[in-house]
Amino acid sequence: MATPLGSRDAPRTESQMKGVLLDLSLAVVLVVAILTLQIRWSPRFVEMGPDSGLFAYGGERILQGDLLYRDVFDTKPPGVFYLNAAALRFGGETVWPIWGLSALWSAAAVVGLYFVLKSLTGRIAALAATFLFLVVLHQTGVYQGGNSTELFALLPQVLVLGCTVWYLRKGQGRAIFLAGMATALAFLFKPTYIALGVVCSGLIMGKGIWERQWRLVLRLLLIFMTGFGLPLLLVASYWYVRGGLTDMLDALFVYGSAYVRGGLSARSLYVTFRKLTESAPMANLTMLAMAGMILLAWELHRARRRKLPAGEGTQGVTGFAASVITDAAGLVLLVTLVAIPLEWTLVALSGQNFGHYFITPLPAMATMAAFALHRAWSAGREDAGESPWRIAFAGLASAILAVGLLLGLVQGMPDRYQWNNLL
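According to the numbering used here, the residues represented by the sequence shown are 234 to 656, in order.
Here is the structure:
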């Protein structure tokens with residue numbers, strides 16, 4: 234077919250449309266996979282756990298006009314209680330809307346994570362890492378019925394990563410404002426869930442400091458703190474007006490700090506790392522994330538010794554620094570390189586190491602795993618001399634991924650009784 238005059242970009246546009254349709258199709262596949270894995274967690278087969286029951290009870294009391302912390306005491310921030318209240322308000326006061334809330338929230342987080350990872354590493358590695366993230370999330374010892382603060386913090390964490398990519402590629406201040414709001418939303422589920430937002434904003438501002446753009450740094454800091462502070466100010470104002478601000482501050486900070494006091498130790502760090510590596514598919518995700526961390530550190534170390542050619546606007550700056558200050562994907566990957574050890578440390582902070590605590594590091598781990606898979610599957614494309622080693626790594630990474638997905642699906646898929654009951 235002849236191409237119309239003046240439509241030289243038509244093939245490219247058609248290709249882009251095909252890519253969009255493919256991504257939407259993959260998003261549907263991810264949602265179907267989530268709903269399938271959610272079957273075994275439905276109220277028909279699993280009773281509500283004690284934490285979930287407390288959150289639902291708090292939501293029920295909120296609908297009756299009671300004030301959290303004054304009339305119903307807990308040490309968690311209000312986010313999870315008000316989400317439960319919203320689910321019960323619109324879905325009826327049964328356990329089913331709570332289950333539906335967890336399922337829909339998981340779907341939004343997983344689909345959002347896929348699109349963020351795709352923008353960093355490409356479609357294939359992003360899809361593989363997202364599926365591994367999905368099956369790890371739904372493991373019995375991790376998901377634990379859903380309706381947890383860790384589960385609801387996933388979406389704000391993904392939004393922080395997405396806003397960081399948005400700002401680094403478009404330079405729009407509203408992306409930093411939204412990143413601050415997403416960090417505040419994570420805070421409203423639990424204060425220790427802000428690690429990713431803090432590291433993202435810190436490295437973005439560090440980029441400005443490196444480039445000596447002091448006014449930009451101050452502007453970004455003000456924008457981020459405004460986005461972070463507004464939701465918290467609104468929440469605090471609501472409790473102040475209702476006469477419960479002191480009760481809220483005591484519950485969150487006095488009793489909350491007592492809960493984690495003395496929890497962080499060498500032993501708690503050891504137990505945390507052991508749980509990350511002792512069983513599949515969590516161990517598979519941990520291995521790929523650590524491989525990505527080692528690869529990124531090695532590549533930055535090698536690039537550090539290479540000087541940029543003159544005339545690129547960064548004379549005298551090493552390749553390592555340039556890779557950080559000029560490449561959006563590189564900076565986001567550096568964010569996760571810093572955030573993962575911090576997230577692991579925060580998991581160990583209380584010394585409890587409950588299974589649902591391990592949900593929080595999953596977005597950063599999946600990002601680094603996607604980087605490892607992307608590097609593994611590009612074996613031989615960049616440096617022929619490295620092909621044998623890269624091909625060997627590609628095979629090993631693929632095997633780790635395949636085993637993790639297989640074992641995760643075996644553990645997470647509904648059994649025959651549940652399928653028959655559903656049908």
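Using N, Cα and C, we set each Cβ at its ideal position, and we do this for glycine too.
- Per DSSP, reduced to three states, the secondary structure at Leu301 is strand.
- The three-state reading of DSSP puts Gly379 in coil, since its state is none of H, G, I, E or B.
- A distance below 8 Å between beta-carbons, with the five flanking residues on each side excluded, links Asp299 to the following residues of its chain, in chain order: Val305.
- Shortest Cα-Cα distance from Asp648 to any of Met250, Arg273 and Val262 involves Arg273.
- With contacts defined by Cβ atoms closer than 8 Å, Ile331 and Ser275 do not form a contacting pair.
- Straight through space, the alpha carbons of Ala599 and Thr593 are spaced by roughly 11 Å.
- One Cα belongs to Leu656, the other to Tyr650, and the distance between them is close to 10 Å.
- One alpha carbon belongs to Ser335, the other to Leu257, and they sit about 22 Å apart.
- Between the beta-carbon of Thr416 and that of Ile427 there is about 5 Å, and that keeps the pair under the 8 Å contact cut.
- A direct Cα-Cα distance of roughly 37 Å separates Gly324 from Ile456.
- When DSSP states are grouped into helix, strand and coil, Phe306 belongs to the coil group.
- With respect to Ile633, Leu521 sits close: the two C-beta atoms are nearer than 8 Å.
- One Cα belongs to Ser381, the other to His589, and the distance between them is close to 8 Å.
- For Phe410, the three-state secondary structure derived from DSSP is helix.
- In this structure Val343 is in contact with Leu367, their Cβ atoms being roughly 5 Å apart against a cut-off of 8 Å.
- Proximity to Ala627 across Arg535, Ile267, Gly525 and Leu570 peaks at Gly525, based on C-alpha coordinates.
- In the three-state scheme derived from DSSP, where H, G and I count as helix and E and B as strand, Gln585 is classed as coil.
- Inter-segment contact for the segment 600-609 and the segment 344-358 is present: three or more beta-carbon pairs are separated by less than 8 Å.
- With contacts defined by Cβ atoms closer than 8 Å, Asn317 and Gly292 form a contacting pair.
- The criterion of a C-beta distance shorter than 8 Å is not satisfied by Tyr471 and Thr308.
- Considering only Ala630, Ala562 and Phe591, the residue with the shortest C-alpha distance to Lys403 is Ala562.
- Along the segment 385-441, the alpha helix (DSSP H) occurs as fully enclosed runs of 4 or more residues at 406-420, listed in sequence order.
- In the structure shown, Leu455 falls within a helical segment according to DSSP collapsed to helix, strand and coil.
- Contact check for Leu263 and Tyr347: beta-carbon distance about 6 Å, within the 8 Å limit, so the pair qualifies.
- DSSP places Met481 inside the alpha helix (DSSP H), whose first and last residues are Leu478 to Leu482.
- Note that the C-beta distance between Leu453 and Ile437 is below 8 Å.
- The Cβ-Cβ distance between Leu418 and Gly345 does not fall below 8 Å.
- By the neighbour-count criterion, in which 16 or more other beta carbons inside 10 Å mark a residue as buried, Pro596 falls on the buried side.
- If you ignore the 5 residues before and after Gly413, its C-beta comes within less than 6 Å of the C-beta of Phe457, Gly460 and Phe461, all in its own chain and listed in chain order.
- Going by C-alpha positions, Gly395 is about 21 Å away from Val369.
- DSSP, reduced to helix, strand and coil, places Ser339 within a helical segment of the structure shown.
- The three-state secondary structure of Leu564, taken from DSSP, is helix.
- Taking Phe364 as reference, the option from Trp652, Gly645 and Leu638 with the minimal CA-CA separation is Leu638.
- Counting other Cβ atoms within 10 Å of its Cβ, Pro389 reaches 16 or more and is therefore classed as buried.
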